[in-house]
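I have placed the structure first, in the form of structure tokens, so that the comments after it can refer back to it.
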Amino acid sequence: MPEIRLENVSKRYTAEGRTQYAVRELNLTVEQGEFVFLIGSSGAGKSTLLKLIGGEIPPDQGEVYLNGLNVARMIGPWRTRMTRTFGIVNQECLLIRKRTIGDNLLLAAVAAGMRRKGRLAAEKALAIVGLSGVESCYPAELSIGECRRVELARALVNSPPILLLDELTANLDDDNIWDMLHLLNELNSRGTTIIMATHASRYVNIMRRRVITLVDGRLLGDVRNGRYGDIV
Ligand code: ADP
1 MPEIRLENVS
11 KRYTAEGRTQ
21 YAVRELNLTV
31 EQGEFVFLIG
41 SSGAGKSTLL
51 KLIGGEIPPD
61 QGEVYLNGLN
71 VARMIGPWRT
81 RMTRTFGIVN
91 QECLLIRKRT
101 IGDNLLLAAV
111 AAGMRRKGRL
121 AAEKALAIVG
131 LSGVESCYPA
141 ELSIGECRRV
151 ELARALVNSP
161 PILLLDELTA
171 NLDDDNIWDM
181 LHLLNELNSR
191 GTTIIMATHA
201 SRYVNIMRRR
211 VITLVDGRLL
221 GDVRNGRYGD
231 IV
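Below, the structure is given as structure tokens:
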């Protein structure tokens, strides 16, 4: 089962002639089956870290390994297999507004290599998030909480062993946040690794999982059974 390892990873961006580190000299190992909250203020590097882990962007320095294999060096079928290891929910909604929920999930299933069983996989993923029957709806017809759950279903369509979730609970009310975390707990208890960037401090404190704190792209805290803001 996949283990994620980051060795001395840095990523910098240049904008308007100014270069700054989004992630700096970061070392981290996440074992399969862990549930990790990634916390830090806006701009701390959480999204960049998730993108580095998922191979969406390459590091400028250092290495990201998935099961001992260097992600940046994976090409062709190895790269395809690597990308299918991750179910990703980005901060920006990736649902196509002019397509039904069923089509959105089918497209994700086909992209994940499931041609014949795509429709079935889409139905199964919607059932997992408690939204069976919304296949013919359009994204605009759903509540924000339902939309986020559909996005999670989209990430789950090929049953990936690792979920990378960026602010999945942002803009949700307490009931919806709780439902979502309950769902994630359930998935985690069946072995799925969850790495989740969040500001939902109250829930981080209730869940008592591994809490990784980033400040200015550096890893400031990494605490098992942690609380929001714990450094040691
Ligand atoms: P967080 O998710 O914690 O809010 P980000 O990873 O989005 O933090 O951003 C970390 C830093 O990198 C911020 O200063 C942000 O402005 C910068 N950054 C992120 N993505 C880009 C980009 N594509 N181009 C330029 N700067 C970026």
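Here our numbering is used: the first residue of the sequence shown is 1, the next is one more, and so on. Every residue, glycine too, gets a C-beta built ideally from N, C-alpha and C. From a predicted model like this one, the values you see are computed outputs, not experimental measurements.
1) Just tell me which of Leu165, Ala153, Ala200 and Ala109 has its CA closest to the CA of Asp175.
2) Based on Cα-Cα distance, which residue from Phe37, Glu3 and Tyr21 lies nearest to Ala197?
3) Is the beta carbon of Val129 sitting closer than 8 Å to the one on Ala153?
4) Can you tell me whether Val110 is helix, strand or coil according to DSSP?
5) Can you list every residue whose CB sits closer than 5 Å to some heavy atom of the ligand ADP, going in chain order?
6) With DSSP run on the structure shown, which of helix, strand or coil describes Tyr203?
7) Can you tell me the Cα-Cα spacing of Cys147 and Val134, whole angstroms?
8) Three or more C-beta pairs under 8 Å: does that hold for the segment 1-8 against the segment 62-71?
9) Does Ile75 pass the burial test, meaning 16 or more other C-beta atoms within 10 Å, or should it be called exposed?
10) In angstroms, rounded to a whole number, what distance separates the CA positions of Glu186 and Gln61?
11) So Gly55 packs on Val71, CB below 8 Å; how close in whole Å?
The relevant details are as follows:
1) Ala200
2) Phe37
3) yes
4) helix
5) Tyr13, Ala15, Ala22, Ser42, Gly43, Ala44, Gly45, Lys46, Ser47 and Thr48
6) helix
7) 11 Å
8) yes
9) exposed
10) 36 Å
11) 5 Å
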